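In what follows, a single structure is set out as structure tokens and then discussed.
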Amino acid sequence: MSGVLLRLAGPLQAWGTAAAFAERDTRNHPTRSGLLGLILAAEGRSREDELGPEWTDLQFTVRIDRPGTRLVDFHTVGGGYPRHRTVPTSEGRRRSEATATLVSRRHYLSDAAFVVAAHGPDPLTERVALALRVPQWAPYLGRRSCPADQPMLLTPYPIADAEAELYRVPLARRQPDDHAELVEVDFIRSACGAQQGTEHGEELDDIPISFHPHRRAYHTRRVVVRTEALPAALCGGIGTDYLDTLAVYLGIWSP
Numbered sequence: 007m008s009g010v011l012l013r014l015a016g017p018l019q020a021w022g023t024a025a026a027f028a029e030r031d032t033r034n035h036p037t038r039s040g041l042l043g044l045i046l047a048a049e050g051r052s053r054e055d056e057l058g059p060e061w062t063d064l065q066f067t068v069r070i071d072r073p074g075t076r077l078v079d080f081h082t083v084g085g086g087y088p089r090h091r092t093v094p095t096s097e098g099r100r101r102s103e104a105t106a107t108l109v110s111r112r113h114y115l116s117d118a119a120f121v122v123a124a125h126g127p128d129p130l131t132e133r134v135a136l137a138l139r140v141p142q143w144a145p146y147l148g149r150r151s152c153p154a155d156q157p158m159l160l161t162p163y164p165i166a167d168a169e170a171e172l173y174r175v176p177l178a179r180r181q182p183d184d185h186a187e188l189v190e191v192d193f194i195r196s197a198c199g200a201q202q203g204t205e206h207g208e209e210l211d212d213i214p215i216s217f218h219p220h221r222r223a224y225h226t227r228r229v230v231v232r233t234e235a236l237p238a239a240l241c242g243g244i245g246t247d248y249l250d251t252l253a254v255y256l257g258i259w260s261p
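So the sequence shown is numbered by the numbering used here: it starts at 7 and just counts up by one.
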């Protein structure tokens, strides 16, 4: 078993599980379907391609550095066009000009930051690392309008225990004002094999069966959110302060 580490940060992220046209939601952390979609897009796979059974062996552990702030973007689509150019109906007709404007609301996480360990059998994690080192399609954070900050791939090659490394990667948050020695950090894991303790769970429809745009399908899984205490010294600040701290951790810069 081995794994890779991903840093998921950017101005906006969106990790929906119950998205419909009019209301496109986001969870408060990356979903399994969103993470697999990011990796498969990096491989150059099409949405119409079948998902191989090997992907069930890839597991994700998410560390929430900053939960971000929820933001709702108000959209209108299709208004102002003549009838022959309005949005099609389900019967294949065109909407009248009076009913052409459709309203949608898209939910995002603003200024959130996560570190994700993707771990599994060695051949699979080597495949993941290769795809993310040289992506065929640019990675985005749930939606195409959400580009990822760099560096995103913290481990260009798989490492032996990626999940354990989540306890050593600098946290993308400021040092606590009260000079506390410990800070609370949430970790998200699939419920199977999760430890018991200070944790709560939720069910997500985020195990993809098919990404095909006309027949998307998902299974349900249960995840646990476990709050753990990490050393406050791991807090590397935000912005350029964090990037400097991260560069030192990665061994590519020395102050």
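Even for Gly, the Cβ is constructed at its ideal location relative to N, Cα and C. All values derive from a computational prediction rather than experimental measurement.
- A154 is a Cβ neighbour of Y146, given a cutoff of 8 Å.
- Check the Cα spacing between L12 and each of E187, A168 and V109: the tightest is with A168.
- CA-CA distance, R227 to P214, rounds to 11 Å.
- Taking C-alpha positions only, D63 is separated from R91 by approximately 46 Å.
- For the 8 Å CB-CB criterion, R53 and H218 form a contact.
- Contact between R89 and R100 holds, with the beta-carbon distance rounding to 5 Å and staying under 8 Å.
- Within the same chain, A15, D71, R72, A119, G242, I244 and Y248 come within 7 Å of A178 by CB-CB distance, once the 5 residues on both sides are set aside.
- Of the other Cβ atoms in all chains shown, fewer than 16 fall within 10 Å of the Cβ of R222; this residue is therefore exposed.
- G40 and G126 do not touch by the CB rule: their CB atoms are close to 17 Å apart, not below 8 Å.
- Nearest to L160 by alpha-carbon distance, out of L172, S151, R150 and C152, is L172.
- Spanning the alpha carbons of R133 and E97 requires a straight line of approximately 43 Å.
- Where A123 is concerned, the enclosing beta strand (DSSP E) starts and stops at A119 to G126.
- G40: member of the alpha helix (DSSP H) spanning R38 to A48, first to last residue.
- Between A106 and Y87, the CB-CB gap stays under 8 Å.
- At the C-beta level, V83 and L108 come within 8 Å of one another.
- When R174, P36, M158 and E190 are compared, the shortest CA-CA separation from E234 is found for E190.
- Sorting A124, T75, P182 and T95 by C-alpha distance to the C-alpha of I194 places A124 at the top.
- For Y248, there is no enclosing beta strand (DSSP E); the residue is part of the alpha helix (DSSP H) that begins and ends at T246 to L256.
- DSSP, reduced to helix, strand and coil, places P17 outside both helices and strands of the structure shown, so it counts as coil.
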